[in-house]
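Protein chains in written order, with my numbering: chain A, 83 to 457; chain B, 83 to 457.
Here's the structure we're looking at; comments come further down.
Number of protein chains: 2
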Amino acid sequence: MPLQLRSLVRPDATLELSLVEVPMPTITASDEVLVHMEASPLNPSDMGLLLAGADMTRASQSGSVERPVITAPLSAGAMAAGTARVGTAMPVGNEGAGTVIAAGDAAEAQALLGKRVALYGGAMYAEYRAVSVKQCLPLPAGATATQGASSFINPLTALGMVETMRTEGHRALVHTVGASNLGQMLNRICLKDGVPLVNIVRKPEHATLLREQGALQVVDSSVPDFTANLVDAIAATGATLAFDAIGGGRLAGQILAAMEAALLRQPGHVYSRYGTDIHKQVYLYGGLNPAPVEIERSFGMAWGVGGWLVFPFLQRLGPQRTQQLQQRVSDELTSTFASHYTKEISLQQVLTLEAIKSCSRMATGEKTLIRIAPG
Amino acid sequence: MPLQLRSLVRPDATLELSLVEVPMPTITASDEVLVHMEASPLNPSDMGLLLAGADMTRASQSGSVERPVITAPLSAGAMAAGTARVGTAMPVGNEGAGTVIAAGDAAEAQALLGKRVALYGGAMYAEYRAVSVKQCLPLPAGATATQGASSFINPLTALGMVETMRTEGHRALVHTVGASNLGQMLNRICLKDGVPLVNIVRKPEHATLLREQGALQVVDSSVPDFTANLVDAIAATGATLAFDAIGGGRLAGQILAAMEAALLRQPGHVYSRYGTDIHKQVYLYGGLNPAPVEIERSFGMAWGVGGWLVFPFLQRLGPQRTQQLQQRVSDELTSTFASHYTKEISLQQVLTLEAIKSCSRMATGEKTLIRIAPG
Numbered sequence: 083m084p085l086q087l088r089s090l091v092r093p094d095a096t097l098e099l100s101l102v103e104v105p106m107p108t109i110t111a112s113d114e115v116l117v118h119m120e121a122s123p124l125n126p127s128d129m130g131l132l133l134a135g136a137d138m139t140r141a142s143q144s145g146s147v148e149r150p151v152i153t154a155p156l157s158a159g160a161m162a163a164g165t166a167r168v169g170t171a172m173p174v175g176n177e178g179a180g181t182v183i184a185a186g187d188a189a190e191a192q193a194l195l196g197k198r199v200a201l202y203g204g205a206m207y208a209e210y211r212a213v214s215v216k217q218c219l220p221l222p223a224g225a226t227a228t229q230g231a232s233s234f235i236n237p238l239t240a241l242g243m244v245e246t247m248r249t250e251g252h253r254a255l256v257h258t259v260g261a262s263n264l265g266q267m268l269n270r271i272c273l274k275d276g277v278p279l280v281n282i283v284r285k286p287e288h289a290t291l292l293r294e295q296g297a298l299q300v301v302d303s304s305v306p307d308f309t310a311n312l313v314d315a316i317a318a319t320g321a322t323l324a325f326d327a328i329g330g331g332r333l334a335g336q337i338l339a340a341m342e343a344a345l346l347r348q349p350g351h352v353y354s355r356y357g358t359d360i361h362k363q364v365y366l367y368g369g370l371n372p373a374p375v376e377i378e379r380s381f382g383m384a385w386g387v388g389g390w391l392v393f394p395f396l397q398r399l400g401p402q403r404t405q406q407l408q409q410r411v412s413d414e415l416t417s418t419f420a421s422h423y424t425k426e427i428s429l430q431q432v433l434t435l436e437a438i439k440s441c442s443r444m445a446t447g448e449k450t451l452i453r454i455a456p457g
Numbered sequence: 083m084p085l086q087l088r089s090l091v092r093p094d095a096t097l098e099l100s101l102v103e104v105p106m107p108t109i110t111a112s113d114e115v116l117v118h119m120e121a122s123p124l125n126p127s128d129m130g131l132l133l134a135g136a137d138m139t140r141a142s143q144s145g146s147v148e149r150p151v152i153t154a155p156l157s158a159g160a161m162a163a164g165t166a167r168v169g170t171a172m173p174v175g176n177e178g179a180g181t182v183i184a185a186g187d188a189a190e191a192q193a194l195l196g197k198r199v200a201l202y203g204g205a206m207y208a209e210y211r212a213v214s215v216k217q218c219l220p221l222p223a224g225a226t227a228t229q230g231a232s233s234f235i236n237p238l239t240a241l242g243m244v245e246t247m248r249t250e251g252h253r254a255l256v257h258t259v260g261a262s263n264l265g266q267m268l269n270r271i272c273l274k275d276g277v278p279l280v281n282i283v284r285k286p287e288h289a290t291l292l293r294e295q296g297a298l299q300v301v302d303s304s305v306p307d308f309t310a311n312l313v314d315a316i317a318a319t320g321a322t323l324a325f326d327a328i329g330g331g332r333l334a335g336q337i338l339a340a341m342e343a344a345l346l347r348q349p350g351h352v353y354s355r356y357g358t359d360i361h362k363q364v365y366l367y368g369g370l371n372p373a374p375v376e377i378e379r380s381f382g383m384a385w386g387v388g389g390w391l392v393f394p395f396l397q398r399l400g401p402q403r404t405q406q407l408q409q410r411v412s413d414e415l416t417s418t419f420a421s422h423y424t425k426e427i428s429l430q431q432v433l434t435l436e437a438i439k440s441c442s443r444m445a446t447g448e449k450t451l452i453r454i455a456p457g
């Protein structure tokens with residue numbers, strides 16, 4: 083029987099990761115296809131479900147080479163947050179790529195038979211997966227599974243940020259993990275589309291990397307004059323919208339304050355104790371720092387901070403525009419939307435201490451691909 | 083020459099409050115009216131501009147009985163926040179009521195001649211004020227200036243909260259300063275309109291007060307089981323929108339967590355590590371606690387926290403609906419929208435240590451009216 087990776091929160095406050103044998107998925111609707119999975123990325127967005135907030139520095143490995151098992155302790159806080167999933171072994175993996183080996187009766191499903199597709203929808207860390215054609219993106223002829231494995235999460239998130247900017251009436255963006263895989267992709271989109279982008283990075287070498295890729299505004303948060311540099315960069319772009327993957331700490335508030343300071347530089351400004359009437363927004367789309375968000379209000383009343391997720395956003399955007407965005411990903415798969423992997427491992431190798439600790443660090447610039455089958 | 087109250091931030095980091103003689107305002111457009119001011123409230127929303135964040139515990143009084151002067155020291159932080167107003171003596175006062183004694187040529191201006199009106203637009207702590215008829219609300223026959231002085235800020239803020247709930251697709255409200263003048267007004271509106279409301283109060287006697295006024299859901303944040311009580315009250319109402327005047331501290335995050343906990347109680351709920359997909363929103367419309375807002379994220383990704391001000395909201399709502407809301411205020415001026423004052427003082431008496439310290443405390447249940455002229 084085919085293998086599937088599972089993440090279980092046990093009642094004894096232990097996370098248990100294992101490979102389980104599951105029945106071959108079957109096609110249950112005419113628009114479904116059965117995909118032989120070939121590759122799937124370990125995205126930061128997979129880590130929450132996979133690791134359940136467990137302390138991976140205290141993880142241990144058991145089982146066999148073919149059926150390795152990783153266990154790690156969960157704090158009381160992590161157990162409380164995961165109450166709803168205790169005792170249920172959750173399949174994991176937001177996206178991947180593979181080849182369609184069976185299809186339902188519908189013409190759009192039949193059209194994919196034998197084709198390599200990118201797909202999303204959870205439970206992708208598995209040898210086989212049945213999904214609706216709506217969850218598939220046919221890959222361009224000749225594209226490898228490696229090239230197609232990350233066709234949804236990062237590309238649609240980056241495109242979704244630019245779409246959000248347009249639909250909510252902003253004209254430039256701030257992004258807080260500029261040098262990440264996603265950040266580099268967003269930089270390529272913005273350069274191509276003429277969207278002014280302020281890239282915030284946390285290390286000088288990341289600033290260099292982005293500048294080498296043509297980024298015009300790069301601000302390093304590790305230098306003493308970060309705040310002043312941020313105001314300058316925001317003033318140069320007119321950004322009033324930021325996407326932040328860090329979450330915890332004071333960064334979101336600092337960005338709002340820098341936006342307001344940049345707006346106050348504009349000529350013809352009239353003092354109001356409520357601040358400017360121009361709305362400033364920071365969306366938190368990740369939580370690299372799980373500490374509380376601390377917002378020191380020094381930027382008037384026209385502001386917002388909130389959560390942002392790409393799929394609910396696309397739902398609001400509607401199927402037509404979403405389809406256009408997906409087509410663009412396919413068209414520019416090996417240029418704008420290319421992902422770079424620093425490591426390739428098997429499903430079994432995911433469940434090794436070395437791999438799992440490396441992934442749980444989510445270090446900028448490192449990205450691992452799970453090679454499930456040749457392709 | 084008529085008197086006007088002014089608030090000046092001096093370059094030597096001192097706040098100076100005084101009465102200055104200003105020329106009689108003149109009508110400069112056909113739709114303007116000249117109002118002899120009779121009464122004006124000291125609202126919490128006036129305190130920021132009036133006091134500029136000065137340390138009023140260290141205030142001192144000088145000048146004469148007719149021209150008293152209050153001075154108080156400003157911290158470095160308050161000076162930094164007020165940079166833009168240093169050296170400019172700002173007129174103060176968001177709203178008030180008085181009698182129209184001159185009018186421009188336009189029919190709608192002429193129609194108000196001799197009538198008592200409520201008005202808003204700043205600089206209301208003065209003996210005379212010229213404004214557009216758009217900033218006036220004709221008071222019902224027989225209404226006193228005391229009854230009409232607070233016809234805009236609190237009534238439109240409370241109505242704006244209910245309108246925001248409707249336009250943003252929520253069905254119930256949480257309000258964090260339930261026993262305030264505004265909170266009691268909001269409670270009357272919600273009871274009349276059948277809008278479920280969770281009132282958060284900070285003292286047992288405030289809970290009693292609101293219950294005596296018919297409030298159905300009152301939660302006291304000073305008791306140990308506040309969190310559990312809040313979840314119960316939110317679950318009973320289905321509230322996913324809150325208005326908070328406190329701002330600093332952990333309350334906004336606690337409300338979002340309680341909303342998510344209440345949503346998770348609903349049957350048929352499917353676990354997602356991103357939380358429910360139902361948007362939860364807290365608007366901060368005041369800053370009674372100037373400390374940073376601390377948001378501990380334990381409620382998924384469908385959330386927002388942001389600033390909210392009534393006049394920008396009404397601008398988005400449009401003139402037609404705003405006019406309907408103002409008409410309702412006029413119709414229910416002495417019932418739903420009645421304000422209660424615990425003290426009445428003259429313009430000169432505002433500039434006494436006793437009055438200014440009492441106002442700067444903004445204690446729930448205390449409200450002062452400035453009596454500018456009989457009416």
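C-beta: ideal position from N, C-alpha, C; glycine also.
Exercise. May I have the straight-line CA-CA distance separating R379 of chain B from Q295 of chain B, to the nearest angstrom?
Key: Those two C-alpha atoms are separated by around 35 angstroms.
Quiz prompt | Closest residue to D307 of chain B among B:L291, B:A321, B:A340 and B:R355 (Cα-Cα distance) | solution = The residue with the shortest Cα to Cα distance from D307 of chain B is B:A340.
Quiz item: Thinking C-alpha only, which one of B:L221, B:I360 and B:G331 is nearest N371 of chain B?
Solution: Cα-wise, what sits closest to N371 of chain B is B:G331.
Exercise. Specify the secondary structure class of R230 of chain B as computed by DSSP and reduced to three states.
Key: In the sequence as presented, Arg is not what sits at residue 230 of chain B; that position holds Gly. It is helical.
Quiz item: So V283 of chain B packs on V300 of chain B, CB below 8 angstroms; how close in whole Å?
Solution: Sure, about 6 angstroms apart at Cβ, within 8 angstroms.
Quiz item: For R140 of chain A, which residues from the same chain have a beta carbon less than 7 angstroms from its beta carbon, with the 5 sequence-adjacent residues on both sides left out?
Solution: Here R140 of chain A has A154 and P155 as same chain residues with Cβ atoms under 7 angstroms from its own Cβ, once five neighbours each way along the sequence are excluded.
Self-check item: Per DSSP, cross-strand counterpart(s) of G203 of chain B
Solution: Under the DSSP definition of a beta bridge, G203 of chain B lacks any partner.
Quiz prompt | Proximity test, Cβ basis, 7 angstroms: E245 of chain A and chain B | solution = No, its Cβ sits nowhere closer than 7 angstroms to a Cβ of chain B.
Self-check item: contact_flag[the region 203 to 211 of chain B, the region 379 to 395 of chain A] where n(CB pairs < 8 angstroms) is 3 or more
Solution: With the cut-off at 8 angstroms, the region 203 to 211 of chain B and the region 379 to 395 of chain A do not touch.
Quiz item: Opposite M119 of chain B in the DSSP bridges: which residues?
Solution: For M119 of chain B, the pairing in a beta bridge is given by DSSP as B:G180.
Quiz item: Pairing CB atoms from the region 247 to 258 of chain A with CB atoms from the region 427 to 447 of chain A, are three or more of them under 8 angstroms?
Solution: Under the Cβ criterion (8 angstroms, minimum of three pairs), the region 247 to 258 of chain A does not count as touching the region 427 to 447 of chain A.
Exercise. For E103 of chain B, count neighbouring Cβ atoms within 10 angstroms of its own Cβ and tell me buried if that reaches 16, exposed if not.
Key: It is exposed - the Cβ of E103 of chain B has fewer than 16 other Cβ atoms within 10 Å.
Quiz prompt | Residue span of the beta strand (DSSP E) that contains V213 of chain B, given as start and end | solution = Looking at the DSSP string, the run of the beta strand (DSSP E) that includes V213 of chain B is Y210 to S214.
Quiz item: Along the region 155 to 175 of chain B, what residues have a CB closer than 7 angstroms to any CB found in chain A?
Solution: So the close ones are A163, A166 and R167.
Quiz item: Anyone know if the C-beta pair for L87 of chain A and V151 of chain A falls short of 7 angstroms?
Solution: For L87 of chain A and V151 of chain A, no; Cβs fall outside 7 angstroms.
Quiz item: What span of residues does the alpha helix (DSSP H) with E287 of chain A cover, start to end?
Solution: First-last of the alpha helix (DSSP H) with E287 of chain A: P286 to E294.
Self-check item: C-beta atoms of E190 of chain A and V215 of chain A nearer than 7 angstroms
Solution: With contacts defined by Cβ atoms closer than 7 angstroms, E190 of chain A and V215 of chain A form a contacting pair.
Self-check item: CB contact flag (A185 of chain A, V280 of chain A, <7 angstroms)
Solution: V280 of chain A sits away from A185 of chain A, with the two beta carbons spaced by 7 angstroms or more.
Quiz prompt | Cβ of D302 of chain B within 7 angstroms of any chain A Cβ | solution = Chain A contact via Cβ: absent.
Exercise. Rank A:P123, A:S421, A:A223 and A:L323 by C-alpha distance to the C-alpha of N176 of chain A and give the top, closest one.
Key: For N176 of chain A, the nearest C-alpha among the options comes from A:P123.
Quiz item: Are the C-beta of P150 of chain B and some C-beta of chain A separated by less than 7 angstroms?
Solution: At a cut-off of 7 angstroms between beta carbons, P150 of chain B makes no contact with chain A.
Exercise. Consider the Cβ of L194 of chain A: report whether some Cβ of chain B lies at a distance smaller than 7 angstroms.
Key: By this cut-off, L194 of chain A is not an interface position.
Quiz item: Which residue's Cα is closest to the Cα of L433 of chain A: A:M83, A:P93, A:P84 and A:L97?
Solution: Checking every option, the nearest Cα to that of L433 of chain A belongs to A:L97.
Quiz prompt | Limits of the unbroken alpha helix (DSSP H) element including S412 of chain B | solution = Judged by DSSP secondary structure, S412 of chain B falls within the alpha helix (DSSP H) whose first and last residues are P401 to D413.
Quiz item: Got a sec? Which residues, its chain only, sit under 6 angstroms from V213 of chain B by beta carbon, not counting five neighbours each side?
Solution: Non-local beta-carbon contacts of V213 of chain B in its own chain, meaning distances under 6 angstroms to residues more than five positions away in sequence, involve L201 and G203 in chain order.
Self-check item: DSSP three-state assignment for D524 of chain B, whether helix, strand or coil
Solution: For chain B, the structure presents residues 83 to 457; residue 524 of chain B sits outside this window and is missing.
Quiz item: Looking only at DSSP bridge pairs, what is E98 of chain A linked to?
Solution: Beta-bridge annotation (DSSP): E98 of chain A is paired with A:L90 and A:T153.
Quiz item: Any idea if L195 of chain A is buried or exposed, counting beta-carbon neighbours within 10 angstroms, 16 or more meaning buried?
Solution: Burial call: exposed.
Quiz item: Is DSSP giving S442 of chain B helix, strand or coil here?
Solution: DSSP, read as helix, strand or coil, puts S442 of chain B in helix.
Quiz item: For F381 of chain B, does the three-state DSSP call read helix, strand or coil?
Solution: Shown here, F381 of chain B sits in coil according to DSSP, grouped into three states, outside any helix or strand.
Practice problem: Closer than 8 angstroms by C-beta to Q197 of chain B: which residues in its own chain qualify, once you throw out the five before and the five after it? Chain order, please. | Solution: The residue asked about is misnamed: residue 197 of chain B is Lys in this sequence, not Gln. Excluding sequence positions up to five before and after K197 of chain B, its CB lies within less than 8 angstroms of the CB of T181, V182, P220 and L221, all in the same chain and listed in chain order.
Practice problem: Pair every Cβ in the region 341 to 353 of chain A with every Cβ in the region 317 to 324 of chain A, then say whether three or more of these pairs are closer than 8 angstroms. | Solution: Between the region 341 to 353 of chain A and the region 317 to 324 of chain A, the count of C-beta pairs closer than 8 angstroms reaches three or more; the two stretches touch.
Exercise. Please confirm whether E120 of chain B and G389 of chain B have their CB atoms less than 7 angstroms apart.
Key: Not closer than 7 angstroms, so no.
Quiz item: DSSP state of E148 of chain B, grouped into three classes?
Solution: DSSP places E148 of chain B in coil when its eight states are reduced to three.
Quiz prompt | CB contact check: G386 of chain B to chain A, cutoff 7 angstroms | solution = For G386 of chain B, the closest Cβ of chain A is nearer than 7 angstroms.
Quiz item: Counting along the chain, where does the beta strand (DSSP E) carrying Q363 of chain B start and finish?
Solution: Per DSSP, Q363 of chain B belongs to the beta strand (DSSP E) from K362 to L366.
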